[in-house]
Every structure is written in structure tokens, then in C-alpha cells.
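Peer 1:
Protein chains: 2
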Amino acid sequence: MDLGSRRTDGRPTIADVARRAGVGAITVSRALRDPSQVSETLRRTIDDAVRELNYVPNLNARALASIRTDVVGVLVPSLTQNIFSDVLRGVYDGVDGSNLQIQVGNTHYSEDEEERLIGQMLRQKPAGMIISGTDQNPRSRAMLESAGCPVIQIMDITDDPIDTVIGFSHYEAGRAIARHLIEAGYRHIGFVSGWMNSRSLGRLAGLTDALKEAGMYNPKLITPIVTGEPVHERKHPGKISFATPVGARKLVSDLLEADPRMDAVFCNNDIMALGVLFECMKRGIRVPDDFGIAGFNDFDIMEAAHPSMTSVHSPRWESGYEAVLAMRRRLDGDDGGPRIVDLGYRVMARGSTDRAGRLRSIER
Amino acid sequence: MDLGSRRTDGRPTIADVARRAGVGAITVSRALRDPSQVSETLRRTIDDAVRELNYVPNLNARALASIRTDVVGVLVPSLTQNIFSDVLRGVYDGVDGSNLQIQVGNTHYSEDEEERLIGQMLRQKPAGMIISGTDQNPRSRAMLESAGCPVIQIMDITDDPIDTVIGFSHYEAGRAIARHLIEAGYRHIGFVSGWMNSRSLGRLAGLTDALKEAGMYNPKLITPIVTGEPVHERKHPGKISFATPVGARKLVSDLLEADPRMDAVFCNNDIMALGVLFECMKRGIRVPDDFGIAGFNDFDIMEAAHPSMTSVHSPRWESGYEAVLAMRRRLDGDDGGPRIVDLGYRVMARGSTDRAGRLRSIER
DNA sequence: CACAGTTACGGTAGCGCTACCAAATGGGGT
DNA sequence: ACCCCATTTGGTAGCGCTACCGTAACTGTG
Chain B
107 MDLGSRRTDG
117 RPTIADVARR
127 AGVGAITVSR
137 ALRDPSQVSE
147 TLRRTIDDAV
157 RELNYVPNLN
167 ARALASIRTD
177 VVGVLVPSLT
187 QNIFSDVLRG
197 VYDGVDGSNL
207 QIQVGNTHYS
217 EDEEERLIGQ
227 MLRQKPAGMI
237 ISGTDQNPRS
247 RAMLESAGCP
257 VIQIMDITDD
267 PIDTVIGFSH
277 YEAGRAIARH
287 LIEAGYRHIG
297 FVSGWMNSRS
307 LGRLAGLTDA
317 LKEAGMYNPK
327 LITPIVTGEP
337 VHERKHPGKI
347 SFATPVGARK
357 LVSDLLEADP
367 RMDAVFCNND
377 IMALGVLFEC
387 MKRGIRVPDD
397 FGIAGFNDFD
407 IMEAAHPSMT
417 SVHSPRWESG
427 YEAVLAMRRR
437 LDGDDGGPRI
447 VDLGYRVMAR
457 GSTDRAGRLR
467 SIER
Chain X
107 MDLGSRRTDG
117 RPTIADVARR
127 AGVGAITVSR
137 ALRDPSQVSE
147 TLRRTIDDAV
157 RELNYVPNLN
167 ARALASIRTD
177 VVGVLVPSLT
187 QNIFSDVLRG
197 VYDGVDGSNL
207 QIQVGNTHYS
217 EDEEERLIGQ
227 MLRQKPAGMI
237 ISGTDQNPRS
247 RAMLESAGCP
257 VIQIMDITDD
267 PIDTVIGFSH
277 YEAGRAIARH
287 LIEAGYRHIG
297 FVSGWMNSRS
307 LGRLAGLTDA
317 LKEAGMYNPK
327 LITPIVTGEP
337 VHERKHPGKI
347 SFATPVGARK
357 LVSDLLEADP
367 RMDAVFCNND
377 IMALGVLFEC
387 MKRGIRVPDD
397 FGIAGFNDFD
407 IMEAAHPSMT
417 SVHSPRWESG
427 YEAVLAMRRR
437 LDGDDGGPRI
447 VDLGYRVMAR
457 GSTDRAGRLR
467 SIER
């Protein structure tokens, strides 16, 4: 009665399916992985046997035998900010219906941590890697270049991707919001931010370049820049301190003191923009007439605020989704796709910067 | 020159480590998995060999040989809402430094999908399961009960957990917010919600029970209840429509029309609470004097709003974090922990319900 | 009919690890 | 001296799958 040793867990194996279908195990394997290699009749017989036995392939055995896995490594710098929650949502939506598995790594905005996680993930021979940003350090970049699997950088754009980049230009987005504020009639435009990563810096560069070109650049209206590795609690329920609305209220107050002529701010993110709005409410500053406010990312709440809040829509969900779709195409053997995909951004002009009154008929 | 067939990828195996350390492969295996089984000297020799060769265990082979994996399945009903982003953040923080891997599944608030995902995950013999809510259907529950691995339900509480439950009582939270609104002096208290899950329903039940006891229950002030499986876009960048602030503005307008005496609302979530706040701003209704607003979850933005917004703090990050810690204790052989862990909630009384003026000295 | 080329299927031998059993060692009691 | 038991180490035989190679049958060409 040797019906399987105690090392098995009783689940049917490919051999059981093969026996039932009256074929070799390897044929079942082929029928499952690439049905075109197997004749129509046999395929049908095998499919029936699979269904009758309720057979599910053992992914570990498959990975062990084939070296290659179905795991896609996804590296994000943070889970605290909604940005990367949206990205991950796109990623998970993108893998729906495929056999890919997602392995998420959190770099905590640290290059060293990123390097460590890349090494760790690549050792597991993933099917592919999706990684946020284009500012990996040289060692990380070298590892990814020689990884032998698709590597997709997201949420930024560059002329020189490791492999494929899908995202948008933060610099251009910064320029665009500057143009919008200038067109709306603001003349003393500031910038509010907490800790800045390379993408934030890109937006600020776009803003300052555009302001300089317009002869409106005033360094006193830029929040002191904080970069480097963010100091924050890793294991803590609280949010990262640099992006809080409370922080924004303090920062905008500082700027108003530095130069009271300030009549608009671009905020590094929507949450800070709301903080600024609430500070204006408290001070009795009228938005948008006395003061314009623009955010970045265009979270839901911006549209519903009163006044509705101008923001720059960033393709967060799309980045994750398109990255996975590109990955799937590559894994299916289609190497022809573009290596640089610009998903663009959109300035969502709303009430909080509508000094010119174009939207006055609509709700503000 | 048969230095490894072409089927290997050149990485050192446990046999390489064993050769170098001059011991048997199985001893290396033991030294890595449970060092206490190996003598001090050998352990040191083996550790050195591991380091020199830069050996990394092949998790697939380990899983195949031992049936057991290091994968923890985590099921959440949604990734769209920040709630479960926070939970996942806690989960990922909790596994930091362990060898556990996280596999996330999104049930999209569907019992059938949940059942399917549970089956799929259990077939992979996970180390454990973490699952949101306590309202699994009977088949799901049966599967989990016979899974043979720790199962931790989170974000709700029950007397009858499948295995372990870590969360808080939504019913009590609903009662608490009702008490707070009554104490603040409101008399016509409403409830605004979009689509409701079982936890939302628990909060509403707590609210209505408390209102009835106070003789203040008025069904006209309750948004028509929408339950069942939510109709929403799975593969779409947009948010689920039922929880938007725009929706909340419409819903609160409807309630005001149904009974203009309404002087406060409890909102099913913070985002809707902000929507209501913005609607009040537009209509010139003074908060909190004419109208009180309370939300649920206590996202960051609530504290920074103007007026600052009352909400109920829910232990989202903590649920994920504590669930993983409990899981790790169980996997380390400690079966003695409590099976029901109430993480509690906290009513964060702020300006938006401070009709009594107790906070007037502080910023509102 | 011989031949090469193609298609369809199967057998064997692992992938890297660990469960299981066995063996060697050391110490304490009789 | 003996045995017994606990501790430490090793050998063997898989786990379930697929890469690789082989065989058999078919096709078209001269």
C-alpha cells in the first residue's frame, strides 16, 4: 500500500495526470506550457484529466527544474505615500489573469537598500524587474543591465534607460505648472516642499527654469531644499513627516514671512497643497483671488475640495499597469516594443488657481 | 571539464558549501535552518564557507523538498482605498528582517473571488494566511480551518475566529462616535456612506443603536444603504466611485433636503467627511457651529484640515504589523499567544464637532 | 524506394534541497 | 566491562517538474 510516501501532500502531480490521460509526463508538461506543441486530440484528453483531478502545477518544482521563475520583482521607494499604492494597484491589475507573481520590495528611498534588494531579487532569477525611478546607483545599474531579464523603470523618464522606461517628465511637469500659474496672473510664485527626491528636484528645476525665463524667479520663495536619505521611522504607524499637511502649513507661513508679496505656490504634492489651503482659510487669505495654490499628483480629493484644487495629474496607476503589460509582452517573446514610453502628465486647472475667473461660471 | 551542466546557473549550491566546509550537505542545511542543532565549531566553519562563496539558498528547492514554504498569503478587499495600503505597509514592515515572503491577493470585495484566492493560495502550502475581515463565506472558512497553517483575520473582531483575530470593533466605534456627537450637543445626526461592506454596516449599527437609545434615531438622515458586491472597474486608474468626496457632497445634500434639521453627520470614511466639509463651505454652513462632521479612519489630512476634522482612528498599520508578528511567533513554535486581540479605536475629537467650544482655545 | 526534413511524443536524468533513517560519538549508571 | 540514551553528523532517496536527447511516424522530393 505505498500510495505515496508521507513526504507528499496528496495533491495530484503531473505523473497522475499523465497516467490518467495515458500519455507521458513530459507531454502533459508541454500541453500545459505550450499547447501548440501537442496535437489537438491529446491536448483535449490531457485537459480533461487535468480538470478531473483538479491538478494545479507545483510552481516550486517548475522553477527548480527550469531555472526561470514567474516572479516579477517590484521595487518602490515607499509604501507610505499614496503614489506608490496607486502604482502597485496598477501592477496587481496588470498581472490579473497571468501566472506572474509579484514580489514587492521597499527601498525606503535608500540607494543602499535599493542595491541590496536588487541583488537579493536577482539571485532568485525573477522573470523581470520593475523599479521606480531612473536614479539607481552605478552598481545597481550594472546588476540590472546584466540581469538577463526585462527591467522596466517607471514613474520618471530618461533618454538612457537600463532597458525600458515608462513614465513622464517631472521637469516638464514643473515647467507646465509654472506656465499655468503665470498665465493665471500670479507674479510671485513660490514652492513648498518637504524632503525631496530626484523626481521632486526635477519638478522644481522645471519650475525655476520657467520662472527665470519669465523674469520672475525669487529664491526667497523656495522652501529650503532637504535631500539626502530621508530620516523617517521605518517601523512606525505614522506617516513620513516631510509630506504632512501640518508641515506644509508651517512652511508656507515661513515663505510668507520671507516675502509677503508671494501670491501663489506650487506644492510638491497634493497633501501639502491642502495644508496650504487650510492655512489660507485660517488666515483669511482668499483662494484663488489673493493666493493661488497648485498641487502635484491629482489625488481624488483635489477635485472635491472647495475651492477645487489645481494639480498635475501623474499616471501612477498607468505606470504600474503599462509596466506589467510591457513585461508580459516581453516574456511572450515580443521584443519589438518601444524602449521609452512617455505617459505624459496633465495640468488639471481648477478653482484654486483660477484668478483670471475663467472657471467662475463653474463651481470653484 | 564538466564543471556543471548547462542546466545550472553557476550559483553555488549547498553541496559547494559542504565541500568547502568539509562537512555533509545535510549538516549545512541544518546549520542554516536551525543552528542549535549543529556544534559551535562546525557552525562557524559553515558560516565562513557560506560567506566566502556568497551562498544564497534556493528557495524553490527548499520549498519543493520540504512542502512548506516561507510565503505568507495576504488577502485584502481593495488596494484602492488607503486603508489597506496602510495595512500592507504594516505587513511589509512586519516581515522586514525575517525570511517570510508576502503574496498579496485582492478580493475586490467579492466573496467568490476571496474563495478562489484562498484556494489558490492554500494549494501553494503557505506558511500562513492573513485575511481581512471576519465575514468569509462557509466554504472559505472551511478551507482555512483545515489549512494546517496559522490564519489571522484582521481589521475586525469576533468571538469566533477561524484561528486568530486581530482588530477592533466597528460596532463599538460607531457607538462611540454617536456618543461623542450627542455630547457635543448635536441632536439630528445623520450618516453618509457610499457602498457598504460588513465593517461599515457594523459601524452604522453601532451608530443607530446609540441614537435609538438616546431617542434621536431618524431614518431619513441615513443615506440609502448600498451593499452586495460593489460594482466598480477592476482594471481602471480611477477610484471606486462609492467613496469619492464628490459623491459625499451629493449625498449630504440629499439628506439636508430630506430633513433640513440635520445638524451633524458621521461619514463612513474620511474622504467623504472632507467632501461634506467642502459642501458646507460652498453653502456657507458653519462647521462646527451649524453642523458637525465626523469621519472614520483618521487619515493625516483630518488633523490638518480647517477646521480640523473629528475622526475615529483605526489601527490599520498596527493590524498588519501585529498580524505578521503574531504569525512569526506562531511559526517559531510559540502557540501560546492570545487568539483574540482587540487593538481598539480612538475617537479623535477635533474642531469639526466642537460645537461645545471646548477646543476653542486651540485651533479649530 | 531512399533520403532528409518535419512533427509528435517519450525516457532519462537531473534542478537544489530536506525528510528519513542510520551511524558514530560521548557520558553516565550498573 | 557492559548497556542505554542523548547528541551530533552523514547517506540515501526522493520532492514535482522540465531540459535534453532519442525514437517513431509522417511528408515531400528525386
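So the protein sequences, as listed, match chains B and X. Sequential numbering of the first sequence, starting at 107, is according to my numbering. Sequential numbering of the second sequence, starting at 107, is according to my numbering. Note that beta-carbon positions come from the ideal geometry of N, C-alpha and C, so glycine has one too. Just so you know, these numbers come straight off a predicted model, no measurement behind them.
#1: Using a beta-carbon distance below 9 Å, is Asp406(X) in contact with chain B?
#2: Does the distance from the C-beta atom of Met235(B) to that of Gly179(B) stay below 9 Å?
#3: Buried or exposed: where does Gln143(B) fall if 16 or more other Cβ atoms within 10 Å of its Cβ makes it buried?
#4: Say whether chain X places a C-beta atom closer than 9 Å to the C-beta of Lys388(B).
#5: Just to make sure I have the definition right: I need the residues of chain B whose C-beta is within less than 7 Å of the C-beta of Gln143(X). Which are they?
#6: Would you tell me roughly how many angstroms separate the C-alpha atoms of Ala124(B) and Leu449(B), rounded to the nearest one?
#7: Rounded to whole angstroms, what's the CA-CA distance from Tyr427(B) to Ala137(B)? Just pull it up for me.
#8: Given Pro118(B), which residues of its chain have a CB within under 6 Å of its CB, disregarding the five upstream and five downstream residues?
#9: Which class does Ser359(X) belong to by DSSP, given the choice of helix, strand or coil?
#10: Listed from N- to C-terminal order along the chain, which residues in the segment 347-372 of chain B have their beta-carbon within a distance smaller than 7 Å of any beta-carbon of chain X?
#11: Determine whether the Cβ of Ile402(X) lies closer than 9 Å to any Cβ atom of chain B.
#12: Which ranges would you report for the alpha helix (DSSP H) in the segment 142-204 of chain B if only whole runs of at least 4 residues count?
#13: Within 10 angstroms of its Cβ, does Pro413(X) collect 16 or more other Cβ (buried), or is it exposed?
#14: Under 9 Å between C-beta atoms, does Thr175(B) make it to chain X?
#15: Along the chain, where does the beta strand (DSSP E) containing Ile208(B) start, and where does it finish?
#16: Quick one: what's Phe372(B) bridged to in DSSP?
#17: On the criterion of 16 or more Cβ atoms from any shown chain inside 10 Å, does Glu339(B) qualify as buried, or is it exposed?
#18: Taking Phe212(X) as the query, report the chain B residues whose CB atoms sit under 9 Å from its CB, ordered along the chain.
#19: Under 9 Å between C-beta atoms, does Leu170(X) make it to chain B?
#20: Please confirm if the segment 359-379 of chain B is in contact with the segment 298-307 of chain B, defined as three or more CB-CB distances below 8 Å between the two stretches.
#21: Determine, using beta carbons only, whether Ser191(X) comes closer than 9 Å to chain B.
#22: Anything in chain B within Cβ reach of Phe384(X), meaning under 7 Å, just list it in chain order.
#23: Which same chain residues, not among the five before or five after Gly200(B), have their C-beta less than 6 Å away from its C-beta?
#24: Tell me whether Leu381(B) sits in a helix, a strand or coil according to DSSP, three-state version.
#25: Would you mind telling me which residues of chain X sit closer than 9 Å to Asp115(B), beta carbon to beta carbon, in chain order?
#26: Which residues of chain X have a Cβ atom closer than 7 Å to the Cβ of Val162(B), listed in chain order?
#27: Please report the straight-line C-alpha distance between Leu109(B) and Gly116(B), rounded to a whole angstrom.
#28: Taking buried to mean at least 16 other C-beta atoms within 10 Å of its own C-beta, is Ser145(X) buried or exposed?
#29: By Cβ distance, which residues of its chain are closer than 6 Å to Leu185(B), with the 5 residues on each side in sequence left out?
#30: To the nearest angstrom, report how far apart Ile346(B) and Pro330(X) are at their CA atoms.
#31: Taking DSSP as the reference, what is the three-state secondary structure of Arg452(X)?
#32: So what's Thr114(X) in DSSP terms, helix, strand or just coil?
#33: Looking at the structure shown, is Gln242(B) part of a helix, part of a strand, or coil, going by DSSP?
#34: Short of 7 Å in beta carbon distance, which residues of its chain neighbour Phe405(X), apart from the five on each side in sequence? Order them along the chain.
#35: Using CA atoms only, rank isn't needed, just tell me which of Thr175(B), Met227(B), Asp192(B) is closest to Leu206(B).
#36: Mind checking Asp460(X): buried by the 16 CB within 10 Å criterion, or exposed?
Peer 2: On the basis of the coordinates in this document:
#1: When Cβ-Cβ separations below 9 Å define contact, Asp406(X) makes contact with chain B.
#2: The Cβ atoms of Met235(B) and Gly179(B) lie closer than 9 Å to each other.
#3: Gln143(B) comes out exposed.
#4: Interface with chain X (9 Å Cβ-Cβ cutoff): Lys388(B) is included.
#5: The premise fails here: Gln143(X) is roughly 20 Å from chain B at the closest Cβ pair, so nothing lies under 7 Å.
#6: Going by the C-alpha atoms only, they are around 47 Å apart.
#7: Roughly 29 Å separates the two Cα atoms.
#8: Same-chain partners within the cutoff: Leu159, Tyr161.
#9: Judged by DSSP in its simplified three-state form, Ser359(X) adopts helix.
#10: Result list: Thr350, Pro351, Val352, Arg355.
#11: Rather than Ile, the amino acid found at residue 402(X) in this sequence is Phe. Answer no: the Cβ-Cβ gap between Phe402(X) and chain B never drops below 9 Å.
#12: Scanning the segment 142-204 of chain B from its first residue to its last, the whole alpha helix (DSSP H) runs of 4-plus residues come out as 146-159, 165-172, 188-201.
#13: Pro413(X) sits buried, since 16 or more C-beta atoms from the chains shown fall within 10 Å of its C-beta.
#14: Yes, contact with chain X.
#15: The continuous beta strand (DSSP E) containing Ile208(B) extends over residues 207-212.
#16: The partner list for Phe372(B) (beta bridge, DSSP) reads Phe297(B), Ala400(B).
#17: With a pLDDT of 43 at Glu339(B), under the threshold of 50, the modelled position of that residue is not reliable, and no figure is offered here.
#18: It is Asn, not Phe, that sits at residue 212(X) in the sequence shown. Residues of chain B passing the Cβ test: Arg195, Tyr198, Asp199, Asp202.
#19: Yes, Leu170(X) lies at the interface with chain B (some Cβ there is under 9 Å from its Cβ).
#20: Taking a cut-off of 8 Å on C-beta distances, the segment 359-379 of chain B touches the segment 298-307 of chain B, as three or more cross pairs fall below it.
#21: Output row for Ser191(X): interface = yes.
#22: Think of a sphere of 7 Å around the beta carbon of Phe384(X): the chain B residues whose beta carbon falls inside it are Ala410, Ala411, His412, in chain order.
#23: The residues are Tyr427, Val430, Leu431.
#24: According to the sequence displayed, residue 381(B) carries Gly and not Leu. Helix, per DSSP.
#25: Ile173, Lys231, listed in chain order.
#26: In chain order: Arg229.
#27: Since pLDDT at Leu109(B) reaches only 41, below the 50 mark, its modelled position is unreliable, and no value is offered.
#28: Counting every other CB atom within 10 Å of its CB across the protein chains shown gives Ser145(X) a total below 16, marking it as exposed.
#29: Within the same chain, Asn212 come within 6 Å of Leu185(B) by CB-CB distance, once the 5 residues on both sides are set aside.
#30: Low local confidence applies: a pLDDT of 45 at Ile346(B) is under 50, so the model's placement there is unreliable, with the coordinate-based value given in what follows. Between Ile346(B) and Pro330(X), the C-alpha separation is close to 37 Å.
#31: Three-state result, Arg452(X): strand.
#32: Look at Thr114(X) here: in three-state DSSP terms it is coil, with no helix or strand label.
#33: Looking at Gln242(B) - three-state DSSP - the assignment turns out to be coil, as it is neither helix nor strand.
#34: If we look at Phe405(X) and ignore the five residues flanking it on each side, its Cβ neighbours are Asn188, Asp376.
#35: Answer by Cα proximity: Thr175(B).
#36: Asp460(X) comes out buried.
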